[in-house]
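Colleague: Taking UniProt numbering, the leading residue of the sequence shown gets 1, the next gets one more, and so forth. C-beta: ideal position from N, C-alpha, C; glycine also.
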Amino acid sequence: MKRPSYATDKVLKQFIKNALEEDIQDGDHSTLSTIPKDLEQSAKLLVKENCILAGVELAEIIFKTFDKDLKVETYIKDGEVAKTGDIAFIVTGSARSILSTERLVLNCMQRMSGIATLTHDWDSRLIGTKTKLLDTRKTTPNFRVCEKWAVAIGGGTNHRYGLYDMIMLKDNHIDYNGSITNAVKMAKDYVKKSKKKLKIEVETRNLEEVQEAINAKVDRIMLDNMDVATMKKAVKLINGSCESEASGGITRNQLKEIATTGVTYISVGALTHSAENIDLSLKAVM
Numbered sequence: 001m002k003r004p005s006y007a008t009d010k011v012l013k014q015f016i017k018n019a020l021e022e023d024i025q026d027g028d029h030s031t032l033s034t035i036p037k038d039l040e041q042s043a044k045l046l047v048k049e050n051c052i053l054a055g056v057e058l059a060e061i062i063f064k065t066f067d068k069d070l071k072v073e074t075y076i077k078d079g080e081v082a083k084t085g086d087i088a089f090i091v092t093g094s095a096r097s098i099l100s101t102e103r104l105v106l107n108c109m110q111r112m113s114g115i116a117t118l119t120h121d122w123d124s125r126l127i128g129t130k131t132k133l134l135d136t137r138k139t140t141p142n143f144r145v146c147e148k149w150a151v152a153i154g155g156g157t158n159h160r161y162g163l164y165d166m167i168m169l170k171d172n173h174i175d176y177n178g179s180i181t182n183a184v185k186m187a188k189d190y191v192k193k194s195k196k197k198l199k200i201e202v203e204t205r206n207l208e209e210v211q212e213a214i215n216a217k218v219d220r221i222m223l224d225n226m227d228v229a230t231m232k233k234a235v236k237l238i239n240g241s242c243e244s245e246a247s248g249g250i251t252r253n254q255l256k257e258i259a260t261t262g263v264t265y266i267s268v269g270a271l272t273h274s275a276e277n278i279d280l281s282l283k284a285v286m
């Protein structure tokens, strides 16, 4: 699949640089002390449980960033089903380089594959509906690029990437301003003055706030922690005047029922904060 626009070469290389510096610092002494400088070897990425594989492209970027002479032969691509015992790729080149990058590659791929697998499972419950599954900003600091990329690989849709690419007026913004009307007016004035192309979303907690957000003419209305019956009424009120988003403590078993309300999106923080890592290993090829 095509790499998301936020996962730029610059962003990924900065992430990799920081991660390797954290791990290696003045040297991988286990490797430096036991592995000859000119030794060349191969290692295979072994899948140890069924999953939707993610992080393959990132793994190759990590290898090549550390050592441009490392070669990766890929057998399973990002987003494809991988089964226990499968070999996702084989990396060949400097044994020292393989060993020094092993843990970073595995940390990224295990986490990303867990998120992609969970996302694929949740998203499959929306097949046949027009509702899309969204992630949130509930991500691990300094690892957001990988986690949101994994959601996309798993078939989900990315919400805003950060605080900079969309205006979302949540309960605290609204409470500090006194009302949705005031908060939206200030946000629109800010967008006009700054000449930024930013959509405005408003979090609502009841039908009265939904109506106020409709009157304020926003781009998307979040229906926060509402039961299904209230969501149906809210979507009917909105009547296509803007996008709608169900959010707040949503479980896997609720997805299909929530989609029947006609909401445009369902956002789920659990995709990134509650996914379990997939068991993967990088094993020497002898």
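Could you check if Val-218 is buried or exposed, using at least 16 other CB atoms within 10 Å of its CB as the buried criterion?
Modeller: buried
Colleague: With a CB to CB cut of under 6 Å and the five nearest residues on each side skipped, what residues in its chain are close to Gly-262?
Modeller: Val-235
Colleague: Express the C-alpha separation of Ala-43 and Glu-80 in angstroms, rounding to a whole number.
Modeller: For Glu-80 and Ala-43, the distance between alpha carbons rounds to 21 Å.
Colleague: When you compare each of Glu-147, Ser-241, Asp-175 and Thr-101 to Ser-30 by their alpha carbons, which one comes out closest?
Modeller: Thr-101
Colleague: Could you compute how far the alpha carbon of Asp-69 sits from the alpha carbon of Gly-93?
Modeller: 7 Å
Colleague: Glu-102 lies in the alpha helix (DSSP H); which residues open and close that run?
Modeller: 95-124
Colleague: How about Met-168: is its C-beta nearer than 9 Å to some C-beta of chain C?
Modeller: The displayed structure is made up of one protein chain only, and chain C is not part of it.
Colleague: Going by C-alpha to C-alpha distance, which of Ser-194, Glu-40 and Ser-113 sits closest to Asp-67?
Modeller: Comparing alpha carbon positions, the residue from Ser-194, Glu-40 and Ser-113 closest to Asp-67 is Glu-40.
Colleague: Give the secondary structure of Ala-152 by DSSP, where H, G and I count as helix, E and B as strand, and everything else as coil.
Modeller: helix
Colleague: Could you tell me the distance, in whole angstroms, from the CA atom of Glu-60 to the CA atom of Lys-148?
Modeller: 18 Å
Colleague: According to the neighbour-count rule (16 or more other Cβ atoms, all chains shown, within 10 Å of its Cβ), is Ser-33 buried or exposed?
Modeller: exposed
Colleague: Looking at the secondary structure, which residues open and close the beta strand (DSSP E) in which Tyr-265 lies?
Modeller: 265-267
Colleague: Considering only the alpha carbon of each residue, which of Thr-139, Ala-246, Ser-179 and Asn-177 lies closest to Leu-163?
Modeller: Thr-139
Colleague: Could you tell me the alpha carbon to alpha carbon distance between Ala-19 and Thr-157, rounded to whole angstroms?
Modeller: In a straight line, the C-alpha of Ala-19 is about 26 Å away from that of Thr-157.
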